[in-house]
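Following: one structure in structure tokens, then a few remarks.
In the numbering used here, the protein residues as written are 220 to 326.
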């Protein structure tokens, strides 16, 4: 199982695109982890415009933060995160520097 929080800057990822992104995150996760996509919790957290900065400028960076309940090997993790990155970039048009992807093992 995996739980997600997607952190986005206000106005950067349109509300109407978020459901599609969530469905794709769940689809990729289900495939990699061999779990049911419908059982994957995912929530969005939005940072108000002007409250997030990167390099002294208003940030356009988003983050997919996944927390696993069972550990996975590093090779699987890297492929998993690359799939998430590629999908998000294809859907949003963001640059490689505008998305952080984290898939953490349980603590």
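Here a beta-carbon is modelled for each residue, glycine too, at the ideal position from N, C-alpha and C.
Relative to the C-alpha of residue 240, which residue among 320, 322 and 306 is closest?
Mapped onto the chain shown, residue 240 falls at position 21. Among 320, 322 and 306, the Cα nearest to that of residue 240 belongs to 306.
Taking 8 Å as the threshold (C-beta atoms), are residue 229 and residue 280 in contact?
In the chain shown, counting from the first residue as 1, residue 280 sits at position 61. In the chain shown, counting from the first residue as 1, residue 229 sits at position 10. No. Outside cutoff.
Selection from 284, 297, 311 and 326 that minimises the alpha carbon distance to residue 235:
Working through the chain shown from its first residue, we reach residue 235 at position 16. Among 284, 297, 311 and 326, the Cα nearest to that of residue 235 is on 311.
For residue 223 and residue 286, the rounded distance between their alpha carbons
Translated into positions along the chain shown, residue 286 becomes position 67. Translated into positions along the chain shown, residue 223 becomes position 4. The alpha-carbon atoms of residue 286 and residue 223 are separated by roughly 6 Å.
Taking C-alpha atoms, which residue in 277, 325 and 244 lies nearest to residue 300?
Start at 1 with the first residue of the chain shown, and residue 300 comes out as number 81. The residue with the shortest Cα to Cα distance from residue 300 is 244.
Neighbour-count burial assignment, residue 221, 16 or more Cβ in a 10 Å radius
As a position in the chain shown, residue 221 is number 2, starting the count at 1. Buried, since its Cβ has 16 or more Cβ neighbours within 10 Å.
Over the uninterrupted alpha helix (DSSP H) stretch that includes residue 251, give me the two end residues.
Position 32 of the chain shown, counted from the start, is the residue given in the question as residue 251. Note, residue 251: alpha helix (DSSP H), 234 to 252.
According to DSSP, residues forming a beta bridge with residue 284:
As a position in the chain shown, residue 284 is number 65, starting the count at 1. For residue 284, which the question treats as bridged, DSSP gives the partners 224 and 321.
Where does residue 276 fall in DSSP's three states?
Locating residue 276 in the chain shown gives position 57, counting from the first residue. Here residue 276 sits in strand by DSSP.
Short check: CB of residue 303 to CB of residue 247, under 8 Å?
Position 84 of the chain shown, counted from the first residue, corresponds to residue 303. Position 28 of the chain shown, counted from the first residue, corresponds to residue 247. Yes, the pair counts as a contact, with Cβ atoms nearer than the cut-off.
Looking at the unbroken beta strand (DSSP E) that takes in residue 289, where does it start and where does it end?
Locating residue 289 in the chain shown gives position 70, counting from the first residue. First-last for residue 289: undefined, no H or E at that position.
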